[in-house]
Structure formats: structure tokens, C-alpha cells
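Q:
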Amino acid sequence: MYYLQKSGVYLHGTFWIGENLDQGIVEADEHAEADTDDYHQWQVCEYTYGSEHDIVYETEKGKKAN
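Residue numbers (the working numbering): 73 to 138.
What follows is the structure in C-alpha cells.
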């Protein structure tokens with residue numbers, strides 16, 4: 073299971089939840105490009121029950137990064 077979160081000085085919430093990592097990456101890229109600010113990080117995290125949630129993809133407005 074994966075989820076998309078917006079991060080800046082603090083977390084801004086969850087914007088997508090799904091089972092497909094490729095779709096999560098698409099969602100992150102689309103949300104980043106639509107963001108009004110360029111200092112937020114859009115992070116796709118892997119949810120594993122009982123474990124720390126790992127960031128598996130991160131991007132921000134104007135660039136795609138891994």
C-alpha cells in the first residue's frame with residue numbers, strides 16, 4: 073500500500089492512497105506541477121503495518137527526482 077503526502081515545514085496531509093507504485097509516482101508528479109509553491113516535497117511513502125513508513129519517491133515543482 074502506498075500514499076502520497078505533501079511536506080514542507082510541516083506535513084500538509086495525505087493526497088492519494090493506492091496499491092500501485094507507478095500510479096503513486098504519476099500522482100506525485102501531477103500534484104507537484106499543480107502546486108502553487110515550489111518548496112514543497114511530494115512524497116510517495118510505502119505503508120507497512122507496524123513499520124516505519126519509507127519514502128520511495130520524492131519530487132517537487134519543476135523537477136522530478138528519486
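The C-beta atom is built at its ideal place from N, Cα and C for all residues, glycine as well. Note that the coordinates shown come from a computational prediction; the quantities given were computed from them, not determined experimentally.
Determine which residues share a DSSP beta bridge with I89 and list them.
A: Beta-bridge pairing links I89 to Y75.
Q: Just verifying my parser: in three-state terms, what is the DSSP assignment at H112?
A: H112 falls in the coil class under three-state DSSP.
Q: Go to V128, then tell me how far its beta strand (DSSP E) extends in each direction, as first and last residue.
A: First-last of the beta strand (DSSP E) with V128: 126–132.
Q: Is there contact here, the stretch 120–127 with the stretch 86–102, by at least three beta-carbon pairs under 8 Å?
A: Segments in contact, no.
Q: Exposed or buried, which one is K135 when buried takes at least 16 other CB atoms within 10 Å?
A: Result: exposed.
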